[in-house]
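Student:
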Amino acid sequence: MAQEVCGLKAQLREKEEEIAALKNKLAQLEKSRAASVELHHRVMPLTPLTGKAALSNEDIMRYSRQLLLPELGVQGQLNLSKTSVLIVGCGGLGCPLAQYLAAAGVGRLGLLDYDEVELSNLHRQVLHGEENQGQAKALSAASAVQRLNSTVECIPYHLQLSPENALQLIQQYDIVADCSDNVPTRYLVNDACVLSGKPLVSASALRMEGQLTVYNYHGGPCYRCLYPVPPPPETVTNCSDGGVLGVVPGIMGCFQALEVLKIASGQGSSCGQQLVMFDAQDARFRLIRLRPKQASCAVCGENPSVTRLVDYEAFCGSAATDKCRKLNLLSKEQRITVQDYKSIMDSAEPHLLLDVRPLVEVDICHLPSSLNIPLSSLEERKREHLQLLRERVSQLKHQMAGDCQPPVYVICKQGNDSQKAVQILEKMSGSEVDRVTVKDICGGLTAWARGIDRTFPQY
Ligand SMILES: [Zn+2]
11 MAQEVCGLKA QLREKEEEIA ALKNKLAQLE KSRAASVELH HRVMPLTPLT GKAALSNEDI
71 MRYSRQLLLP ELGVQGQLNL SKTSVLIVGC GGLGCPLAQY LAAAGVGRLG LLDYDEVELS
131 NLHRQVLHGE ENQGQAKALS AASAVQRLNS TVECIPYHLQ LSPENALQLI QQYDIVADCS
191 DNVPTRYLVN DACVLSGKPL VSASALRMEG QLTVYNYHGG PCYRCLYPVP PPPETVTNCS
251 DGGVLGVVPG IMGCFQALEV LKIASGQGSS CGQQLVMFDA QDARFRLIRL RPKQASCAVC
311 GENPSVTRLV DYEAFCGSAA TDKCRKLNLL SKEQRITVQD YKSIMDSAEP HLLLDVRPLV
371 EVDICHLPSS LNIPLSSLEE RKREHLQLLR ERVSQLKHQM AGDCQPPVYV ICKQGNDSQK
431 AVQILEKMSG SEVDRVTVKD ICGGLTAWAR GIDRTFPQY
């Protein structure tokens, strides 16, 4: 009996060693395979894409389920192999889009992203894995796509699309998909597509809603025809501010893939004159007919004023990334640093800390003894919230005695909403509430987590 146990243990050890060796070998192979996709840091001229003259037996097997569709058929499949698609942004929209385009057999995929993979991306950017954190998103996406279909040519670009490189890049592709999440990039991609005559399949997703349109396609409008003037930067919300349920960009990215495949295979898209709106809450799609191409459009109209790419960050008044979206609404005297606030806190100096984030964010994390009144409540002058504020200010005044103006420090996630709140509170001071001295805490709780308390959660 004891001998049998010993024997089994030995066998088990042997198997475990064998498994470890296999795992090691697999990891090595995967690593070398990932490395075989070369990352591009600038735009280079590509060799022309020839596509397939006929389908191989392997192609027939791989694509058999879609070849059976009369809407696609052999000709449609061959057309896909001759088509190159540029995906601008390998995030929540770009990941499912790239995945389905590669799976369907598009000839060449350009995958562009300036960013690296982070843990907070993974709930929606499903081509990347935990082991890809810190890696260029374009490379991570290209490696994943190559594992799915090694016959698709993948070109990962780790760079920021700019007025200097956009035309040269976009001219080399047949169809462009905008999967970016900021306004300057949308105008840049649009103008580059109009100037190079390429259809633009554009989508967006935020919170529980998504949108999709095909621009500059078969005489339809371009993005500028519909939005000649960019929105004020402070009215634009992105996923890192507003949040998004991962499956929503997933659905919209799949929708983009569908329209790209219809255009590439020769069926054509029906989204050139309409906006598709997806409401995840009600599980409903709505189609809105768009106004037609405008003769007065600055880029695709009869007398265009935009005949080359311009400075889109200046045009939109905001940065072409979803990072460093920093508003600057206040003077230096109206702001303090997180270090300043830390010493105020430590010295137990009487003050009011006002957290103006929505309740859902306060539930994630907050500083002790902060009073939560969301910015929206201040903007709308919500009665019960104003009453609460009045009470706290008057308590503070009582506590401080004398004739001074109680200090109010305003905080939010990144220090943008808090600046708007300071402006509102300054208007209220002395009229709707007792006189107060209001200051913004620069950089908000993100700066607090980075500069003061490393254990404070970041989201
Ligand atoms: Zn236009």
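Per our numbering, the sequence shown starts with residue 11, numbered consecutively. Idealized CB from N, CA, C, for every residue including glycine. Remember, it's a predicted structure, so these values are computed and weren't measured experimentally.
Please go through the same chain and pick out, in chain order, the residues whose beta-carbon is closer than 8 Å to the beta-carbon of Val224, but skip the five residues on each side of it.
Tutor: Numbered from 1 along the sequence shown, position 214 holds the residue referred to as residue 224. Here the set comprises Pro209, Leu210, Val211, Ser212, Gly230, Glu269, Ile273, Ser279, Cys281 and Gly282.
Student: Taking buried to mean at least 16 other C-beta atoms within 10 Å of its own C-beta, is Leu364 buried or exposed?
Tutor: Along the sequence shown, one-based indexing puts residue 364 at 354. With 16 or more Cβ atoms within 10 Å of its Cβ, Leu364 is classed as buried.
Student: Between Met218 and Cys249, what straight-line distance do the alpha-carbon atoms span, to the nearest angstrom?
Tutor: Position 208 of the sequence shown, counting from 1, holds the residue named residue 218. Position 239 of the sequence shown, counting from 1, holds the residue named residue 249. Rounded to whole angstroms, Met218 to Cys249 spans 11 Å at the Cα level.
Student: Starting from the N-terminal side, write out each stretch of the beta strand (DSSP E) that is 3 residues or longer and does not extend beyond the stretch 197-226.
Tutor: 210-216 and 219-225, all fully within the stretch 197-226.
Student: Using DSSP with H/G/I as helix, E/B as strand and the rest coil, what is Gln429?
Tutor: As a position in the sequence shown, residue 429 is number 419, starting the count at 1. If DSSP states are grouped into helix, strand and coil, Gln429 belongs with the helices.
Student: Measuring from the CB of Gln405, is there a heavy atom of ligand 1 at a distance below 8 Å?
Tutor: For the purposes of this step, residue 405 is taken as residue 395 along the sequence shown, with counting starting at 1. Flag unset: Cβ of Gln405 not near ligand 1.
Student: Just the residues with CB closer than 7 Å to a heavy atom of ligand 1, in chain order, which are they?
Tutor: Result: Val204, Pro231, Cys232, Arg234, Cys235, Lys303, Gln304, Cys307, Val309, Cys310 and Gly311.
Student: Classify Ile374: buried if its beta carbon has 16 or more other beta carbons within 10 angstroms, exposed otherwise.
Tutor: For the purposes of this step, residue 374 is taken as the residue at position 364 of the sequence shown. Per the 10 Å Cβ criterion, exposed.
Student: Within 8 Å, do at least three Cβ pairs link the stretch 290-305 to the stretch 121-141?
Tutor: No, they do not touch.
Student: Could you check which residue in Leu205, Ile180, Ile354 and Val246 has the C-alpha nearest to that of Ser10?
Tutor: The shown model of the chain, from 11 to 469, leaves out residue 10, and the question about it has no answer.
Student: Using 8 Å for Cβ pairs, my map puts Leu122 next to Val95. What's the rounded Cβ distance?
Tutor: Indexing the sequence shown from 1 puts residue 122 at position 112. Indexing the sequence shown from 1 puts residue 95 at position 85. 11 Å between Cβ atoms; not a contact.
Student: In the DSSP assignment, what residue or residues form a beta bridge with Pro166?
Tutor: In the sequence shown, counting from the first residue as 1, residue 166 sits at position 156. Leu121, per the DSSP bridge assignment.
Student: By the three-class DSSP mapping on this structure, what secondary structure does Val116 have?
Tutor: Residue numbering aside, residue 116 sits at position 106 when the sequence shown is read from its first letter. Coil, per DSSP.
Student: Using C-beta distances below 6 Å, list every residue in its chain close to Arg296, excluding the 5 sequence neighbours before and after it, in chain order.
Tutor: The sequence position of residue 296 within the sequence shown is 286, counting from 1. Cβ within range, chain order: Met287.
Student: Here's a check: name, in chain order, each residue in its chain whose Cβ is nearer than 7 Å to the Cβ of Gln344, leaving out the five neighbours to either side.
Tutor: As a position in the sequence shown, residue 344 is number 334, starting the count at 1. Excluding sequence neighbours, Gln344 sits near Val432, Lys449 and Asp450.
Student: State buried or exposed for Tyr469, treating a residue as buried only when at least 16 other CB atoms are found within 10 Å of its CB.
Tutor: Mapped onto the sequence shown, residue 469 falls at position 459. Tyr469 should be labelled exposed.
Student: Counting only beta-carbon separations shorter than 9 Å, does Gln424 have a partner in chain C?
Tutor: The structure shown contains no chain C; it holds only a single protein chain.
Student: Please report the residue range of the beta strand (DSSP E) in which Gln277 lies.
Tutor: What you label residue 277 is simply residue 267 of the sequence shown in a count that begins at 1. Where Gln277 is concerned, there is no enclosing beta strand (DSSP E), given that its DSSP letter is neither H nor E.
Student: Determine the direct distance from the alpha carbon of Lys33 to that of Gln21, and round the result to whole angstroms.
Tutor: Residue mapping note: residue 21 aligns to position 11 of the sequence shown, counting from 1. Residue mapping note: residue 33 aligns to position 23 of the sequence shown, counting from 1. Taking the straight line joining both Cα atoms gives about 18 Å.
Student: Measure from the alpha carbon of His168 to the alpha carbon of each residue in Tyr322, Ala152 and Gln415, then state which is nearest.
Tutor: Start at 1 with the first residue of the sequence shown, and residue 168 comes out as number 158. That would be Ala152, whose Cα lies nearest to the Cα of His168.
Student: For Thr456 and Val257, I'd like the C-alpha separation in whole angstroms.
Tutor: Here residue 456 refers to the residue found at position 446 when the sequence shown is read from its first residue. Here residue 257 refers to the residue found at position 247 when the sequence shown is read from its first residue. Cα to Cα, Thr456 sits roughly 26 Å from Val257.
Student: Could you pull the DSSP bridge partners for Thr447 from this structure?
Tutor: Start at 1 with the first residue of the sequence shown, and residue 447 comes out as number 437. DSSP output for Thr447 lists Pro417 as bridge partner(s).
Student: Between Leu388 and the rest of its own chain, which residues show a CB-CB distance below 6 Å, the 5 nearest in sequence each way excluded?
Tutor: As a first step, residue 388 must be located in the sequence shown, where it is residue number 378. Result list for Leu388: Ala431 and Ile434, in chain order.
Student: Using only CA atoms, which one of Asn200, Glu163, Met262 and Gly425 lies nearest to Val320?
Tutor: Counting from 1 along the sequence shown, the entry for residue 320 is found at position 310. Closest option to Val320, Cα to Cα, is Asn200.
Student: If you draw a straight line from the C-alpha of Ala114 to the C-alpha of Ala148, how long is it?
Tutor: As a position in the sequence shown, residue 114 is number 104, starting the count at 1. As a position in the sequence shown, residue 148 is number 138, starting the count at 1. Rounded to whole angstroms, Ala114 to Ala148 spans 20 Å at the Cα level.
Student: Apply the 10 Å Cβ neighbour rule to Gly454 and answer buried if 16 or more other Cβ atoms are within range, or exposed otherwise.
Tutor: Residue 454 sits at position 444 when you count from the first residue of the sequence shown. Flag for Gly454 reads buried.
Student: How would you write the range of the beta strand (DSSP E) that Ile97 sits in, first residue to last?
Tutor: The residue labelled residue 97 in the question sits at position 87 within the sequence shown. Residues Ser94 to Val98.
Student: Go ahead and label Arg367 buried or exposed: buried means 16 or more other beta carbons lie within 10 angstroms of its beta carbon, across all protein chains shown.
Tutor: As a working note, residue 367 is residue 357 in the sequence shown. Looking at its Cβ environment, which holds 16 or more other Cβ atoms inside 10 Å, Arg367 is buried.
Student: Find out if the Cβ-Cβ distance for the pair Pro106, Val136 is shorter than 9 Å.
Tutor: The count along the sequence shown starts at 1 and reaches residue 106 at position 96. The count along the sequence shown starts at 1 and reaches residue 136 at position 126. Yes. Within cutoff.
Student: Mind checking whether Arg445 and Gln409 have CB atoms under 9 Å apart?
Tutor: For the purposes of this step, residue 445 is taken as residue 435 along the sequence shown, with counting starting at 1. For the purposes of this step, residue 409 is taken as residue 399 along the sequence shown, with counting starting at 1. No.
Student: Look up Glu371 in the DSSP assignment and say whether it is helix, strand or coil.
Tutor: Locating residue 371 in the sequence shown gives position 361, where the first residue counts as 1. Looking at Glu371 - three-state DSSP - the assignment turns out to be helix.
Student: For the candidate residues Leu271, Val348 and Asp413, whose alpha-carbon lies nearest to that of Arg464?
Tutor: To locate residue 464, count along the sequence shown from 1; it is residue 454. The shortest C-alpha separation from Arg464 is found at Val348.
Student: Quick check: the Cα distance between Glu28 and Gly17, rounded to an integer number of angstroms?
Tutor: Taking the sequence shown and counting its residues from 1, one reaches residue 28 at position 18. Taking the sequence shown and counting its residues from 1, one reaches residue 17 at position 7. Approximately 17 Å, taken between the alpha carbons.
Student: Let's test the definition: count the other Cβ atoms within 10 Å of the Cβ of Leu171 and tell me whether it reaches 16, buried, or not, exposed.
Tutor: Along the sequence shown, one-based indexing puts residue 171 at 161. Burial call: buried.
Student: Under DSSP, the beta strand (DSSP E) around Phe295 begins and ends at which residues?
Tutor: Within the sequence shown, the letter at position 285 stands for residue 295. Note, Phe295: beta strand (DSSP E), Arg294 to Arg299.
Student: For Asn159, which option in Glu390, Asp289 and Glu68 has the closest C-alpha, if you only look at C-alpha atoms?
Tutor: Your numbering for residue 159 matches position 149 in the sequence shown. Comparing Cα-Cα distances from Asn159 to each of Glu390, Asp289 and Glu68, the minimum goes to Glu68.
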